[in-house]
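To start, the structure itself, in structure tokens.
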Amino acid sequence: MTNTATETRSVVVEREIPYPPEKIWRALTQPHLIEEWLMKNDFKPVVGHRFDFRADWGGVDCQVLAVEPNRTLSYTWDAMGLESVVTWTLTPTRTGTHLRMEQSGFRPDQQQAYQGAKYGWQKFLAALDQALARMD
Amino acid sequence: MPKAHDVLFRTLADPTRRALFERLCREGEQTVGALTAQSGVSQPAVSKHLGVLKRARLVRDRHEGRQTHYSAQLGALAPLIDWTSQMAGFWQCRFDRLEDLLKRMDQ
Numbered sequence: 444m445t446n447t448a449t450e451t452r453s454v455v456v457e458r459e460i461p462y463p464p465e466k467i468w469r470a471l472t473q474p475h476l477i478e479e480w481l482m483k484n485d486f487k488p489v490v491g492h493r494f495d496f497r498a499d500w501g502g503v504d505c506q507v508l509a510v511e512p513n514r515t516l517s518y519t520w521d522a523m524g525l526e527s528v529v530t531w532t533l534t535p536t537r538t539g540t541h542l543r544m545e546q547s548g549f550r551p552d553q554q555q556a557y558q559g560a561k562y563g564w565q566k567f568l569a570a571l572d573q574a575l576a577r578m579d
Numbered sequence: 082m083p084k085a086h087d088v089l090f091r092t093l094a095d096p097t098r099r100a101l102f103e104r105l106c107r108e109g110e111q112t113v114g115a116l117t118a119q120s121g122v123s124q125p126a127v128s129k130h131l132g133v134l135k136r137a138r139l140v141r142d143r144h145e146g147r148q149t150h151y152s153a154q155l156g157a158l159a160p161l162i163d164w165t166s167q168m169a170g171f172w173q174c175r176f177d178r179l180e181d182l183l184k185r186m187d188q
């Protein structure tokens, strides 16, 4: 498609959260809490542990890469050919925590791996309709 | 516009074809018979549309006995999807849920 075939990309989401890192760490590492905001899982905060996230659209295979309690958590995120790494970074602030999530490792030729398409397709079709309306 | 886009746009420009594709996306794998029953067009017409979708790699067929099953190949949409913003949207939504959870959790 473009000349960036070997380029890795990343998605970064950051937020100031009015709670201490310790509390956020629990939500990021305890399976029953993770399930409440992300997906069903069999996560353990142990480097090398293999686990998966399960959703109605499929699953995500993961392996824990780094665990530094209350500071850093990193795991692989592989789904349908997509190979990426999700890294959480918690930095204490005066009012709580700066929470940063970076997902990296995408290459353009792995775009199809992103199964958010499964719910994104409707949006896509709406956009397509608009694009088609603009054509000819 | 890249050639891959042209093929996808052309293929999905037909409302009947798009409806078939949407249905496969929504409901998963279907036989030609099942697709015909709800499409409002004849089976040969459905088969022809499926053939066009298949050439655009938007669907895949699987033969089982005398039945042919079709399934959507969402990967074919990749050239048209801005995955970075989609994935960012996914995580933004999860961050919202995480914050809701934190509000409910004990200190």
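Note that the protein sequences, when read in sequence, are chains U and L.
444 is the number of the first residue of the first sequence in the working numbering; add one for each residue after it.
82 is the number of the first residue of the second sequence in the working numbering; add one for each residue after it.
Just so you know, even glycine gets a beta-carbon here, dropped at the ideal spot from N, CA and C.
- Task: Please determine, among L:R147, L:K129 and L:G146, the residue with the shortest C-alpha to C-alpha distance to V140 (chain L).
- Result: For V140 (chain L), the nearest C-alpha among the options comes from L:K129.
- Message: Between L101 (chain L) and chain U, is the shortest Cβ-Cβ distance under 7 angstroms, so that the two count as touching?
- Response: Closer than 7 angstroms: no.
- Of all the residues that make up the stretch 171-184 of chain L, which are near chain U by a beta-carbon distance shorter than 8 angstroms? Of all residues in the stretch 171-184 of chain L, those with a C-beta nearer than 8 angstroms to a C-beta of chain U are F171, W172, Q173, R175, F176, R178, L179, E180, D181, L182 and L183, reading in chain order.
- Task: With a cut-off of 8 angstroms on the beta carbons, I'd call Q111 (chain L) and H150 (chain L) a contact; round off their distance for me.
- Result: At roughly 7 angstroms, the Cβ-Cβ gap stays under 8 angstroms, so Q111 (chain L) and H150 (chain L) are in contact.
- Should C174 (chain L) go down as buried or exposed, given a rule of 16 or more other Cβ atoms within 10 Å for buried? With fewer than 16 other Cβ atoms within 10 Å, it is exposed.
- Comparing alpha-carbon positions, which option in U:E545, U:R452, U:P461 and U:V456 lies nearest M186 (chain L)? Among U:E545, U:R452, U:P461 and U:V456, the Cα nearest to that of M186 (chain L) is on U:P461.
- Task: Give, in chain order, every unbroken run of the beta strand (DSSP E) that is at least 3 residues long and sits entirely within the stretch 94-166 of chain L.
- Result: Taking 3 residues as the minimum length, the beta strand (DSSP E) runs contained wholly in the stretch 94-166 of chain L are 140-145 and 148-153, in order along the chain.
- Message: Quick check: the Cα distance between P551 (chain U) and Q154 (chain L), rounded to an integer number of angstroms?
- Response: Confidence at P551 (chain U) is low in this model, with a pLDDT of 48, below 50, so the placement of that residue is unreliable and no value is reported for it.
- Task: State the CB to CB distance for the pair V507 (chain U) and P535 (chain U), rounded to an integer number of angstroms; the pair is presumed to be in contact (CB under 8 angstroms).
- Result: About 23 angstroms; that fails the 8 angstroms criterion.
- Item | Separation of Q124 (chain L) from T519 (chain U), as counted between CA atoms | Their Cα atoms are separated by approximately 45 angstroms.
- Query: What residue ranges within the stretch 465-501 of chain U form continuous beta strand (DSSP E) runs of no fewer than 3 residues, ordered along the chain?
  - Reply: Counting whole runs of 3 or more residues, the stretch 465-501 of chain U contains the beta strand (DSSP E) stretches 493-498.
- Query: Straight-line CA distance for E479 (chain U) to V122 (chain L)?
  - Reply: Going from the Cα of E479 (chain U) to the Cα of V122 (chain L) covers about 44 angstroms.
- Taking the C-alpha atoms as reference points, what is the distance between E108 (chain L) and L89 (chain L)? Taking the straight line from one Cα to the other gives about 21 angstroms.
- Query: Just the Cα atoms here: how many angstroms apart are R104 (chain L) and P96 (chain L)?
  - Reply: CA-CA distance, R104 (chain L) to P96 (chain L), rounds to 12 angstroms.
- Query: Thinking C-beta only, is T515 (chain U) closer than 7 angstroms to A509 (chain U)?
  - Reply: Yes, they are a contact pair.
- Short CB-CB distance (under 7 angstroms) between E479 (chain U) and chain L: Yes, E479 (chain U) counts as interfacial toward chain L.
- Query: For the putative contact between S517 (chain U) and V503 (chain U), defined by C-beta atoms under 8 angstroms, what is the C-beta separation to the nearest angstrom?
  - Reply: The distance from the Cβ of S517 (chain U) to that of V503 (chain U) is about 15 angstroms, inconsistent with a contact at the 8 angstroms cut-off.
- Message: Could you check if D495 (chain U) belongs to the surroundings of the ligand NAP, using beta carbon to heavy atom distance under 6 angstroms?
- Response: Ligands displayed in this structure: none; no statement on the ligand NAP is therefore possible.
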